[in-house]
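In what follows, a single structure is set out as structure tokens and then discussed.
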Amino acid sequence: MFENLSERLSGVFDKLTKQGALTDDDVKTALREVRVALLEADVSLPVARDFIKAVQEKATGQSVTKSITPGQQVVKIVHDELKHVLTGDQDPGALKIDNPPAPILMVGLQGSGKTTTTAKLAKRLKEREGKRVLMASLDTNRPAAMEQLAILGAQIGVDTLPIVKGEDPVQIAKRAKTQASLGGYDVYMLDTAGRLHIDQELIAQAAAVRDVANPREILLVVDGLTGQDAVNVAQEFDDKIGVTGVVLTRMDGDGRGGAALSMRAITGKPIRFVGLGEKMDAIETFEPDRIAGRILGMGDIVALVEKAQETIEAEQAERMMKRFQKGRFNMNDLKMQLEQMMKMGGMEGMMGMMPGAQKMSKQMAASGMDDSILKRQIALINSMTKKERANPDLLAASRKKRIAKGAGLEVSELNKLVKQHRQMADMMKKMGKGGMLKQAMKGMF
Ligand code: GDP
Numbered sequence: 001m002f003e004n005l006s007e008r009l010s011g012v013f014d015k016l017t018k019q020g021a022l023t024d025d026d027v028k029t030a031l032r033e034v035r036v037a038l039l040e041a042d043v044s045l046p047v048a049r050d051f052i053k054a055v056q057e058k059a060t061g062q063s064v065t066k067s068i069t070p071g072q073q074v075v076k077i078v079h080d081e082l083k084h085v086l087t088g089d090q091d092p093g094a095l096k097i098d099n100p101p102a103p104i105l106m107v108g109l110q111g112s113g114k115t116t117t118t119a120k121l122a123k124r125l126k127e128r129e130g131k132r133v134l135m136a137s138l139d140t141n142r143p144a145a146m147e148q149l150a151i152l153g154a155q156i157g158v159d160t161l162p163i164v165k166g167e168d169p170v171q172i173a174k175r176a177k178t179q180a181s182l183g184g185y186d187v188y189m190l191d192t193a194g195r196l197h198i199d200q201e202l203i204a205q206a207a208a209v210r211d212v213a214n215p216r217e218i219l220l221v222v223d224g225l226t227g228q229d230a231v232n233v234a235q236e237f238d239d240k241i242g243v244t245g246v247v248l249t250r251m252d253g254d255g256r257g258g259a260a261l262s263m264r265a266i267t268g269k270p271i272r273f274v275g276l277g278e279k280m281d282a283i284e285t286f287e288p289d290r291i292a293g294r295i296l297g298m299g300d301i302v303a304l305v306e307k308a309q310e311t312i313e314a315e316q317a318e319r320m321m322k323r324f325q326k327g328r329f330n331m332n333d334l335k336m337q338l339e340q341m342m343k344m345g346g347m348e349g350m351m352g353m354m355p356g357a358q359k360m361s362k363q364m365a366a367s368g369m370d371d372s373i374l375k376r377q378i379a380l381i382n383s384m385t386k387k388e389r390a391n392p393d394l395l396a397a398s399r400k401k402r403i404a405k406g407a408g409l410e411v412s413e414l415n416k417l418v419k420q421h422r423q424m425a426d427m428m429k430k431m432g433k434g435g436m437l438k439q440a441m442k443g444m445f
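Residues 1 to 445 in UniProt numbering are what the sequence shown lists, from first letter to last.
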């Protein structure tokens, strides 16, 4: 479904991951190629631009271990960003069908695959969830479309609402509702009429049906082969009718796949299913994780980097613990802790995890310490020389003045930091002896 994009990207990353060391220029060049590959796959320009920007930001300032190369790290970042771009906030395959009979409204342009998708979903609901489904065609302009749904229904063993000539779509929707209630159906699916283009009448009709049926889901079916047009169509349908999700069809074709990547970023609507062929089983839920993996085709590297990241953290924790047990706790350690605290939702989050630290936490709160203080403290430590950080005992008055000035803060604030450091160093030493430290560190990393 994403063959071309996938091929292009693996070309870029093959080069990158083979190199041991990477310069900023290497990464820039690679990301330029990724950007071109995205645009060629018909991903919209703003989405491609934001994507590259996010990857660039994350790629700088990453800590890397010997076990992975920077190139592999970049692959992992691109993978995570792909997943992010694709991710919706709900389980894509879970249709809202409680309170039977639950109406599902299917909308889309003519030829998008709407009728086929209606039948595919009905079959899925029947077979996977054991639901009784009733399908109704509202395409009063095209008797052939009504026939088509009836034929598909017979083929998959799902009932269709009998065709009554002369009814308008709203009347058919009402009849479907009545029939679904009386017949004990769990779900009824309304296959609205499509047009070649979005026009007033199409929208008015879909809106009128929506208002009488009050559907739990409004699924828009769009042709994935139409690239950016698919995204534009989705945007327009959503503006005018409101949709709860998108089904991208013909993803089995040699489409460039860009529509899938831009859809959520531009319309804010999740892709729920993808159509992968004409057969009634050719439909899948849209799983961002799996799709990102498929696009990159580099699952091994992603797993490797995840493992290495865990190792880095474990090693870091281990190293710190050894130092603390020996009573060595310098300003570098404190800085690392402060940064960790910021990452973990600030002061309270971390203090809560450290046995014996509650008292200090209260003291900090009483002295008005909050997270902006964490940032200032980190600035103060950054303003120290290497030697001063390693050995805080060096901090005499003249040095303190220089450090505070460098951070743009008062010496009194630095004094507080030094005092805090001393308290923490003492605490670490005590905890190290009692074996409590190991316990506390476990929760922190
Ligand atoms: P509608 O006018 O939107 O109701 O479109 P149809 O459901 O009649 O589909 C139009 C054509 O597209 C039919 O020949 C379908 O078999 C085909 N079709 C629908 N979905 C897919 C898909 O996911 N992949 C492929 N290859 N063909 C599809």
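From the three backbone atoms N, C-alpha and C, an ideal C-beta is built for every residue, glycine too.
Own chain residues within Cβ distance below 6 Å of residue i, not counting five before or after
i	result
residue 39	48
residue 406	383
residue 76	302 and 305
residue 184	none
residue 110	194, 195 and 196
residue 41	5, 256, 257 and 258
residue 186	100, 131 and 132
residue 13	75
Close Cβ partners of residue i (< 7 Å) along its chain, the five nearest in sequence each way excluded
i	result
residue 218	105, 107, 210, 241, 242, 243 and 244
residue 400	411 and 414
residue 213	103, 105, 173, 177 and 190
residue 335	378 and 381
residue 446	Summary: the structure shown does not reach residue 446, with the chain confined to residues 1 through 445, and so no result is reported for it.
residue 114	106, 108, 191, 194 and 221
residue 31	52, 55 and 56
residue 148	115
Spatial distance of residue i from residue j (CA atoms)
i	j	result
residue 101	residue 194	24 Å
residue 426	residue 387	21 Å
residue 206	residue 144	19 Å
residue 355	residue 428	Note that residue 355 scores 47 on pLDDT, short of 50, meaning its location in the model is unreliable; the coordinates nonetheless yield the value given after this. Spanning the two alpha carbons is a distance of roughly 11 Å.
residue 125	residue 265	29 Å
residue 79	residue 305	11 Å
residue 171	residue 281	31 Å
residue 216	residue 324	58 Å
residue 35	residue 7	14 Å
residue 55	residue 160	49 Å
residue 165	residue 121	26 Å
residue 98	residue 188	12 Å
residue 317	residue 69	22 Å
residue 246	residue 202	18 Å
residue 269	residue 234	9 Å
residue 44	residue 251	18 Å
residue 199	residue 225	21 Å
residue 130	residue 123	10 Å
residue 446	residue 309	This structure cannot settle anything about residue 446, because the visible part of the chain is limited to 1 through 445.
residue 321	residue 375	24 Å
residue 231	residue 50	17 Å
residue 313	residue 339	14 Å
residue 112	residue 337	55 Å
residue 128	residue 118	15 Å
Sequence-distant residues of the same chain with beta carbon closer than 8 Å to residue i, five excluded per side
i	result
residue 57	none
residue 167	140 and 175
residue 331	381, 384, 388, 389, 390, 392 and 421
residue 295	2, 5, 6, 9, 82 and 257
residue 86	260, 261, 264, 271, 286, 288, 291 and 292
Residue i - partner residues in DSSP beta bridges
i	result
residue 249	223
residue 6	Partner(s): none; residue 6 has no beta bridge.
residue 284	274
residue 103	188
residue 12	None, per the DSSP bridge assignment.
residue 108	221
residue 135	160 and 189
Legend entry - Contained alpha helix (DSSP H) runs [length at least 4] in the region 152-238, N- to C-terminal order: 169-182 and 200-213
Legend entry - Whole runs of the beta strand (DSSP E) within the region 24-87, excluding any shorter than 3 residues: As far as the region 24-87 is concerned, it has no whole beta strand (DSSP E) run of at least 3 residues.
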